[in-house]
Every structure is written in structure tokens, then in C-alpha cells.
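For reference, the structure discussed in these notes is given below.
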Amino acid sequence: MNDDFSKYGFIDTLRDEAKSVKDCFTTFSFQSIFIYFGIIGFILKFQDDVPFITAASGLASFLMAIISRIGTYKYGTANRNYGFELHKFTSAKRYLHPMSWEEGLRNWRIIQASIFKSLFYESGINKNYLRPKYKKRYKIINKRIKEVQKKKKYIKEGIDRINNKEYIWFNVKSNIIGKTTYYAGSYLRTMINVNLFLSFVACAPSILLYAKSISNETLIQNHPNIREISYWMLIGTLILLMILLIWYRIIYRRLKHLEEGFLSIYSCGVIWNLIEICHNLAIVKTEGCITNYICYISKLSDKISKNPLNVLDWINRLEKHVRKKTG
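The numbering used here applies: residue 2 is where the sequence shown begins, and numbers increase by one.
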């Protein structure tokens with residue numbers, strides 16, 4: 002590990018940042034739950050007097066969905082920092098041009114973003130899902146991995162399949178042997194499950210108002226148009242439910258990336274390893290010229306993104322090139 006990182010406590014700083022963003026999500030979550038119950042309680046208390054306030058339940062639903070979305074980004078930042086630490090501690094290799102945090106972060110925003118864009122959709126209802134040209138190959142390799150994992154000579158065959166590129170580098174479970182298992186922790190998933198449940202429960206006031214508009218004579222007398230109002234609110238609630246289902250589908254896919262996929266701590270460590278090698282190669286090739294450096298990093302990123310399932314193969318090839326250039 003680079004002595005500067007340990008000497009000046011930089012890793013501790015990254016850990017503190019990771020902890021702070023996770024604590025921030027916890028604070029946001031509990032604050033939003035208090036606000037949520039305040040909104041729902043207010044609606045239920047004054048719904049008969051002012052039926053229009055029922056529409057505020059939609060705000061409560063979106064509030065919980067937004068907090069869930071924020072949580073995935075907060076944990077993404079934490080995993081990025083933990084991945085950097087993982088790379089620094091597990092990599093025994095020392096490079097001629099050690100990479101600083103700011104240099105690495107600049108390259109992260111180019112290389113990691115390019116690989117992600119190449120592998121996954123970045124927008125629409127399929128956001129965070131594998132693109133079709135990789136999906137079929139992913140399934141074939143994943144099936145092969147499961148077959149290999151059942152055999153006793155796992156380590157040897159595991160090395161063979163890496164050499165044969167039958168390896169999903171961003172799938173943590175592809176490293177699991179036999180009957181052992183991998184557990185990523187459940188806090189974030191639990192909080193998102195709670196938020197999902199509350200988002201759907203928030204739709205209940207609209208259904209309740211519609212039921213009252215049919216059976217509550219006092220409400221009908223006080224508000225002659227209540228049935229029409231409640232009907233359109235119910236339609237709005239159904240549309241809201243559809244939007245929430247799509248939104249949470251995207252959130253849960255990102256959650257899976259955070260737990261055991263592309264955004265997991267392990268995968269972030271792999272990306273940091275790739276970034277440091279690219280950094281050293283760019284320094285050698287451009288002789289430290291900042292403009293040419295960025296262009297060269299972009300060029301490498303473009304090449305890697307054309308075959309993103311073989312990142313480990315790219316790491317081996319680029320590292321040999323770096324060693325050759327630096328002696």
C-alpha cells in the first residue's frame with residue numbers, strides 16, 4: 002500500500018466519508034418516516050371536511066420513493082470509497098507513479114462511467130439492466146460458473162475459466178465455492194422494503210375516500226360532487242401505483258448492483274485496480290501533459306468499453322504493458 006495513504010490517515014478519511022453518507026441516509030429515512038405519518042394522519046383527520054387534501058397522499062408516496070433512491074446513491078459513494086481501500090490493501094503491486102485520490106476520482110468518472118454505460122441501460126424503464134448484446138453471454142457464462150462450482154476441483158477449473166474468459170468479474174457470487182454463501186448485509190434492503198411498503202400504504206386514503214363517497218350519506222350531502230372527485234383521485238392513485246412500480250424496479254436493480262454486482266465493494270476494487278494501471282500507462286505515454294493525459298485515459302476507456310465483460314483480461318494486458326514501459 003502507498004505509504005502516503007497510511008501515513009496521513011487518508012484511508013481513515015475515506016472511511017469517515019463512507020460512514021457519514023450512510024448515516025446521512027439513516028437520518029433522512031427516519032425523518033421522512035415521521036413526515037410521512039404526519040401527512041397521512043393529517044389526511045385521515047380532515048379528509049371528510051376537505052376531501053381535496055387526500056391528494057397529498059401522493060406526496061407521501063413519492064417522498065418514500067425519493068428517499069430510497071437517495072439511499073442507493075449514498076451507498077454507491079460508500080462502496081466506491083471502500084473499494085479504493087480494498088484495492089490499496091489487497092494489491093501488493095507498487096507502481097512507478099502512485100495515483101492520488103483526486104487523480105483517481107477524475108479517472109473514475111471517465112472509466113467507470115464508460116464501462117457502466119457500455120454494459121447497462123442508463124435511462125428508461127430498463128435503467129440499470131444489462132444491454133441485450135451482453136445479456137445472452139452473461140447467462141451462458143453464469144450457467145457454466147454454476148456447473149463448475151459444483152465440482153470438487155473448483156480452484157483449478159476456476160483459474161481455467163478465468164483464462165478462458167468465462168468469468169463475470171462484477172458478479173461477486175461467481176467466486177463462491179460449493180455450499181458456501183455470500184451475504185452483503187441487509188440494512189439498505191430492509192429500509193427500501195419499508196419505504197416501498199409505506200409508499201403503497203399511502204395510496205389507501207384515496208381508496209378510503211372513494212368507499213366513503215358511495216356509502217357515507219353525510220359526506221355526500223356536504224360535498225355533492227364527492228363521488229366524481231374521489232373517482233378521479235382513485236384513477237390518479239392507480240397511475241401513481243404504476244409509476245411507483247417502475248421506479249422501484251429501477252431502485253431494486255441498482256440495489257442488486259450495490260450488494261453483489263457492478264457497484265459492490267469488490268467490483269469497485271477491481272475498477273480502482275484498472276484505473277491505477279491506466280493512470281500509470283497514461284503518465285508514461287503522455288509524459289505528464291495534462292491535456293494529452295485526459296485524451297489518453299479517454300482512449301483507453303473507449304477500448305475497454307468495447308469489451309467490458311473482460312475487464313480482468315484488460316487489467317492483465319495493460320499491466321504487462323506498464324511493466325514493459327517502466328522497466
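Glycine residues also receive a C-beta, built at the ideal position from the N, C-alpha and C atoms.
For the pair L241 and G42, the CB atoms are not nearer than the 8 Å cut-off.
Exclusion of the five residues before and after Y183 leaves V173, K174, I177, E261 as the residues of its chain whose Cβ lies within less than 7 Å of its Cβ. S33 and M65 have their alpha carbons spaced roughly 7 Å apart. Assignment of F263 by DSSP, reduced to helix, strand and coil, places it in the coil class.
Of the candidates F263, I71, P52, G186, the residue whose Cα lies closest to the Cα of I169 is F263.
Within its own chain, the residues whose Cβ lies closer than 6 Å to the Cβ of S268, once the five positions on either side in sequence are excluded, are F171, listed in chain order. Three or more Cβ pairs closer than 8 Å define a contact, and the segment 309 to 319 meets that threshold against the segment 271 to 284. By the CB criterion at 8 Å, I298 and G84 fall outside the cutoff. Annotation for F26: the continuous alpha helix (DSSP H) segment containing it runs 11 to 47. Counting the other Cβ atoms within 10 Å of the Cβ of F121 gives 16 or more, which makes it buried.
Looking from the CA of I291, the closest CA among C25, S115, R107, F63 belongs to R107. Taken in chain order, no unbroken stretch of beta strand (DSSP E) lies wholly in the segment 203 to 241 with a span of 3 residues or more.
In this structure, DSSP gives F171 a state outside helix and strand, which the three-state scheme calls coil. Comparing alpha carbon positions, the residue from L275, V323, R324 closest to W315 is L275. By the C-beta density criterion, T28 is exposed, having fewer than 16 other C-beta atoms within 10 angstroms. Of the residues assessed, M243 falls on the exposed side of the cut-off, its CB having fewer than 16 other CB atoms within 10 angstroms.
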